Amino acid sequence: MDSFTGKIAVVTGGGAGMGAELARMLAAEGCDVAVCDVSEANLEEAVARSRADAPAGTRVSSCVADVSAEADLEAFRDHVATAHETDHVDLLFNNAGIGGGGYSFVAEPREQWERVFNVNWGGVYLGVRAFLPMLLRSERARIVNTSSVNGFWAGLSPNESIVAYSTAKFAVRGFSEALISDLRLRAPHVGVSVVLPGYVGTSLVRNSMTYLGAKDGSGVDDGVGDIDRDFRANAPTTSESAAKEILEGVRAGQWRILVGDDARILDEAVRADPLSAYRPEFFTRMRERGVFTTMPEPPAGAQ
């Protein structure tokens, strides 16, 4: 798919970060785009930016949806069919995700762990389930699932685990890889890519804590804004550059898209010495090579 002009794309988590940049760049090429997000305010801003960069006649639409809820994604699918007057889509970017929570399987409540897992894995699974019939009706389509470096390395810090997020991202990667053969055999006109970003400067912290806080009824305290700004400012890869790398990989038909130099370094290191990947000295070596050196570490025993 060397051109996105005239295509129809669906982007989950399109209200901010990589999703918003993907939507903006696709629309700028004359691709019709439908985005969903849990934040209506974020969607309004993202849609306005996408429309501002789009050629005349390009359709950009939005729908509030929680990707962990199948009914929401089915409603989003119906919105796409109606708003874009189409029976098919050409590109599905399962991009929505949250961080935080679920650091420990041992110490944390099941409910918190499952909220993180259900968004990061469930959103991809349900997204493909909802939109597969429309993808199959395209002449040439592609599914693009966002995993993470934590989809091939379940680490973050020698001082803390990251269980729910990593488990979900491993599932996304495994599902995407398994689909390669399934689609080749049964729907060869539909391709699949799995995206493996490193540390990207998005509003992941604020959006995740807002989502989890809303679920818990606890809200978000004022200190989150500072943490969120630091998280974005210290990242070696911006949302814009990440989106560019993703779209370049999709154009090239790559099934595996690493995003950021830190992702490439970490991928090489884990492949070279997998047996030491979770030893403290491995984390030290990665920091010496500049991987995650500016990412805030969760406190020991984080919940």
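In UniProt numbering, the protein residues as written are 1 to 303. Glycine included, each C-beta is placed from N, C-alpha and C at the ideal position. Predicted model, so just to flag it, every value in this text is computed and none were measured.
Going by beta carbon distance, what residues of the same chain come within less than 6 Å of P299, once the five residues before and after it are set aside?
-> Legend: pLDDT at P299 = 46, less than 50; position of this residue unreliable, value from coordinates given subsequently. So no residue of the chain qualifies.
What residues in its chain sit with their C-beta under 7 Å from that of D53, if we drop five residues either side in the sequence?
-> So the list reads R24, A27 and A28, once near-sequence residues are dropped.
Anyone know if the C-beta pair for A154 and W113 falls short of 9 Å?
-> No; because the gap between Cβ atoms is not below 9 Å, this pair is not in contact.
Taking the C-alpha atoms as reference points, what is the distance between F283 and G201?
-> Computed Cα separation, rounded: 21 Å.
Could you give the distance in angstroms between the alpha-carbon of K169 and the alpha-carbon of N145?
-> Using only the alpha carbons, I get a separation of about 10 Å.
Local conformation of F93 per DSSP, three classes = Of the three classes helix, strand and coil, the one that applies to F93 here is strand, per DSSP.
In chain order, what residues of the same chain lie with their CB nearer than 7 Å to the CB of A171, ignoring the 5 residues before and after it?
-> Within the same chain, A171 has close Cβ partners W121.
Look at H79 and A34 and say whether their C-beta atoms are less than 9 Å apart.
-> The Cβ-Cβ distance between H79 and A34 falls below 9 Å.
What does DSSP give as the partner residues of P197 in its beta bridges?
-> Beta-bridge analysis with DSSP links P197 to V259.
DSSP three-state assignment for A235, whether helix, strand or coil | Coil, per DSSP.
Starting from N42, trace the beta strand (DSSP E) both ways and give me its first and last residue.
-> N42: not part of any beta strand (DSSP E); member of the alpha helix (DSSP H) spanning E40 to D53, first to last residue.
With a CB to CB cut of under 6 Å and the five nearest residues on each side skipped, what residues in its chain are close to S166?
-> Excluding residues within five positions, the ones whose Cβ falls inside 6 Å are N150 and A154.
Could you work out which residue in Y103, R59, R279 and I98 is closest to T82 when comparing CA atoms only?
-> Residue R59 is the option with its Cα nearest to T82.
Out of H189, N234, T238 and V250, which has the shortest C-alpha to C-alpha gap to V195?
-> Out of H189, N234, T238 and V250, V250 has the C-alpha closest to the C-alpha of V195.
To the nearest angstrom, report how far apart I265 and A272 are at their CA atoms.
-> A direct Cα-Cα distance of roughly 11 Å separates I265 from A272.
Leaving out five residues before and five after A65 in sequence, what residues of the same chain have Cβ atoms less than 8 Å from its Cβ?
-> Within the same chain, and ignoring the five residues on either side of A65 in sequence, the residues whose Cβ sits closer than 8 Å to its Cβ are T12, C36, D37, V38, D72, L73, A75 and F76.
If we count Cβ pairs, one from each stretch, closer than 8 Å, do we get three or more for the segment 97-105 versus the segment 41-57?
-> In short, these stretches do not touch, since the Cβ pair count stays below three.
Under a three-way DSSP split, which group does G151 fall into?
-> Helix.
Between P280 and the rest of its own chain, which residues show a CB-CB distance below 8 Å, the 5 nearest in sequence each way excluded?
-> Excluding residues within five positions, the ones whose Cβ falls inside 8 Å are P158.
Do you know whose CA, among G30, V47, R49 and E70, lies nearest A56's CA?
-> Put simply, of G30, V47, R49 and E70 the residue whose alpha carbon is nearest the alpha carbon of A56 is G30.
Which term fits T237, buried or exposed, when burial requires 16 or more other beta carbons within 10 angstroms of its beta carbon?
-> With 16 or more other Cβ atoms within 10 Å, it is buried.
Check each candidate in R232, I246, E248 and D267 and name the one with the smallest Cα separation from T294.
-> Comparing C-alpha distances from T294 to each of R232, I246, E248 and D267 shows the shortest one belongs to R232.
Taking 8 Å as the cut-off, is the CB of A52 close to at least one heavy atom of the ligand SAH?
-> Ligands displayed in this structure: none; no statement on the ligand SAH is therefore possible.
DSSP three-state assignment for T12, whether helix, strand or coil = Annotated three-state conformation of T12 is strand, per DSSP.
G260 versus S138: straight-line alpha-carbon distance, rounded = For G260 and S138, the distance between alpha carbons rounds to 31 Å.
Roughly how many angstroms lie between the CA atoms of V192 and S3, to the nearest whole one?
-> In this structure, the alpha-carbon of V192 lies about 16 Å from that of S3.
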